[in-house]
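Each remark here refers to the structure printed beneath this line.
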Amino acid sequence: MTNKKKILLSGIQPSGQLCIGNYAGALKNWVNLQEEYDSIFLIVDLHALTVKQIPSELRNRCLSFLAQYIACGINPDKNTIVIQSHVPEHAELAWVLNTITSFGELSRMTQFKDKSKKHSNNINVGLFTYPVLMASDILIYQADMVPVGADQKQHLELARDLAGRFNHNYSDTFPIPEPFIPKSGARIMSLQEPEKKMSKSDENVNNYIALLDAPDVIIKKIKRAVTDSNTDIVYDEKRPGLANLLTLYTILTNTTIDETVGHFKGKMYSQLKSELGEVCVEYLKPMQSEYNRIIQDKVYLNEILKVGAEKARYKARRTLSKVYRKIGLVPLPR
Ligand code: TRP
Numbered sequence: 002m003t004n005k006k007k008i009l010l011s012g013i014q015p016s017g018q019l020c021i022g023n024y025a026g027a028l029k030n031w032v033n034l035q036e037e038y039d040s041i042f043l044i045v046d047l048h049a050l051t052v053k054q055i056p057s058e059l060r061n062r063c064l065s066f067l068a069q070y071i072a073c074g075i076n077p078d079k080n081t082i083v084i085q086s087h088v089p090e091h092a093e094l095a096w097v098l099n100t101i102t103s104f105g106e107l108s109r110m111t112q113f114k115d116k117s118k119k120h121s122n123n124i125n126v127g128l129f130t131y132p133v134l135m136a137s138d139i140l141i142y143q144a145d146m147v148p149v150g151a152d153q154k155q156h157l158e159l160a161r162d163l164a165g166r167f168n169h170n171y172s173d174t175f176p177i178p179e180p181f182i183p184k185s186g187a188r189i190m191s192l193q194e195p196e197k198k199m200s201k202s203d204e205n206v207n208n209y210i211a212l213l214d215a216p217d218v219i220i221k222k223i224k225r226a227v228t229d230s231n232t233d234i235v236y237d238e239k240r241p242g243l244a245n246l247l248t249l250y251t252i253l254t255n256t257t258i259d260e261t262v263g264h265f266k267g268k269m270y271s272q273l274k275s276e277l278g279e280v281c282v283e284y285l286k287p288m289q290s291e292y293n294r295i296i297q298d299k300v301y302l303n304e305i306l307k308v309g310a311e312k313a314r315y316k317a318r319r320t321l322s323k324v325y326r327k328i329g330l331v332p333l334p335r
């Protein structure tokens, strides 16, 4: 037993706008885990290319996501924050992993099937091999723990299979990464269609609250959130709109569902919505002002990117050299 910290890795695609769902489901947990693990947090820009992007927007969004990660409390001194494309080894290992992945196992990926339906005019091969690149993200750093939402479980399963397959074909190289299900994770649902998860890339901006939404926008979006035709405030999963608002209130006030339901007992939906709007605005305010400060400071952001890429590349290079050697590629003579 060594007392070395375990390696935790996660990432978000720079598409759409980071939203309160990403915060509750991922960023908030990352912040809580940063002391306990040696963490790597990625901005997976190469993954974002699998759907059509506007180049200038993609570029700005990556920097904005970086500033938002930090504004949410991810400490760049304690963790490695890195843009995926700054570490070319991700794409290199992905190629090797492609050669031990079967067409069949990728065809079974439900996200591929969903995304091909949604982007039927752009079913590119990158979309198909996306889970292999994700496996590479994880395995290149020898990650032990991967916090992911339910929609990514199948992809993580592939990463585990590929790690095991490679270890079996050659020799022990990769730890088998474990899914990390946080104790207090929460799934925030769409405001207009509460049966589906709140998504930062939803076409309808009223479905999500972006972390950078202005106060009046937040209040308006919550006011318009879909509920139901009842009037009493109780927590009932069969009333998903209301349940979602109660969950959100509970997270933002750091209380329990019972406390929240107690607080709103006998009140009207309109009261819940206006209080939730206020709470949400107040909750995001410090993060937003921190963001506004950081995003101006290009020198600081550039420094983080440089340090992050350097730390990450060192680790990634070691794994990749090992892999190349084991599979029989000739090392470049020094
Ligand atoms: N596929 C993930 C998502 O869409 C993002 C991602 C890419 C990721 N690489 C990763 C998550 C590695 C965890 C670990 O949410």
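Residue numbers 2 to 335, in our numbering, belong to the letters of the sequence shown in order. Quick reminder that beta carbons are idealized off the backbone N, C-alpha and C, glycines included.
In the DSSP assignment, find the alpha helix (DSSP H) that holds T320 and state where it starts and stops.
Boundaries of the alpha helix (DSSP H) around T320: K299 to I328.
Just to check my reading of the structure: I75 and W31 have Cβ atoms closer than 8 Å, yes? What is that Cβ distance to the nearest angstrom?
Between I75 and W31 a beta carbon distance of about 6 Å is seen, short of the 8 Å cut, so the two are scored as contacting.
- [ ] Taking only heavy atoms of the ligand TRP into account, decide whether any of them is closer than 7 Å to the Cβ of L10.
- [x] Within the cutoff, so yes.
Check the C-beta distance from L285 over to I189 and give it rounded, since I have them as a contact under 8 Å. Incorrect: roughly 14 Å between the Cβ atoms, too far for contact.
Worksheet entry | Nearest-angstrom Cα separation, counted from P148 out to T181 | Here residue 181 turns out to be Phe, not Thr, going by the sequence shown. Between the alpha carbons of F181 and P148 lies a gap of roughly 4 Å.
What does a CB cutoff of less than 7 Å around Q69 pick up in its chain, not counting 5 residues either side in sequence?
Correct list, in chain order: L19, L212 and Y292.
Q. In this structure, what does DSSP give as the bridge partners for I13?
A. Looking at the DSSP assignment, I13 forms a beta bridge with I44.
Original post:
Among the residues of its own chain, which have a CB less than 8 Å from the CB of R161, if the five just before and after it don't count?
Top reply: These residues qualify, in order along the chain: I177 and P178.
message = According to DSSP, simplified to helix, strand and coil, what is T81?
response = T81 falls in the strand class under three-state DSSP.
Compare the C-alpha of I44 against each of S108, D214, R60 and M269 and name the closest.
Nearest C-alpha to I44 among S108, D214, R60 and M269: R60.
Review point. Can you find a heavy atom of the ligand TRP that lies under 7 Å from the Cβ of V147?
Key: At least one heavy atom of the ligand TRP is nearer than 7 Å to the Cβ of V147, so yes.
Report task. Within the same chain, show all residues whose beta-carbon is closer than 7 Å to that of L159, passing over the 5 residues directly before and after it, in chain order. Result -> So the list reads E106, P132 and A136, once near-sequence residues are dropped.
Any heavy atom of the ligand TRP closer than 7 Å to the Cβ of H120?
No, since every heavy atom of the ligand TRP falls outside the 7 Å radius drawn around the Cβ of H120.
inquiry  = Assuming the contact rule is C-beta atoms closer than 8 Å, I41 and C63 should be a hit. Round their C-beta distance to whole Å, please.
reply    = Between I41 and C63, the beta carbon gap of about 16 Å keeps them out of contact (Cβ cut-off 8 Å).
Exercise. Comparing the CB of Q54 with every heavy atom of the ligand TRP, is any distance shorter than 7 Å?
Worked result: Not so, every heavy atom of the ligand TRP lies at least 7 Å from the Cβ.
(message) Considering only their Cβ atoms, is the gap separating I8 from Y38 smaller than 8 Å?
(response) Yes, they are a contact pair.
So for I55, helix, strand or coil by DSSP?
Of the three classes helix, strand and coil, the one that applies to I55 here is coil, per DSSP.
* Quick one: what's got a C-beta closer than 7 Å to T130's C-beta in the same chain, skipping five residues either side? -> Within its own chain, the residues whose Cβ lies closer than 7 Å to the Cβ of T130, once the five positions on either side in sequence are excluded, are N99 and L107, listed in chain order.
Where does the unbroken alpha helix (DSSP H) through V218 begin, and where does it stop? That run of the alpha helix (DSSP H) goes P216 to K224.
Inset, instruction - Less than 8 Å between the CB atoms is what I'm expecting for L10 and A144, so what's the real figure, rounded? - result: L10 to A144, Cβ: 4 Å. Contact.
| said: I believe T232 touches L128 by the beta-carbon criterion, under 8 Å. Please report the beta-carbon distance rounded to the nearest angstrom. | reply: Actually they do not touch by this definition, with Cβ atoms about 45 Å apart.
inquiry  = What does the alpha-carbon distance come out to for the pair V97 and G22?
reply    = Taking the straight line joining both Cα atoms gives about 34 Å.
Original post:
Using the C-alpha atoms, what's the distance from P195 back to K274?
Top reply: Annotation: K274 to P195 spans about 15 Å, alpha carbon to alpha carbon.
inquiry  = Does the beta-carbon of L19, which I'm using as the reference point, lie nearer than 7 Å to any heavy atom of the ligand TRP?
reply    = In this structure, L19 has its CB at a distance of at least 7 Å from all heavy atoms of the ligand TRP.
Backbone CA spacing between T320 and F104 [nearest angstrom]: Answer to the nearest angstrom: the Cα atoms are 25 Å apart.
>> I'd like the ranges of any beta strand (DSSP E) spanning at least 3 consecutive residues and lying wholly in the region 162-196.
In response: Fully enclosed beta strand (DSSP E) runs of 3 or longer: 179-181.
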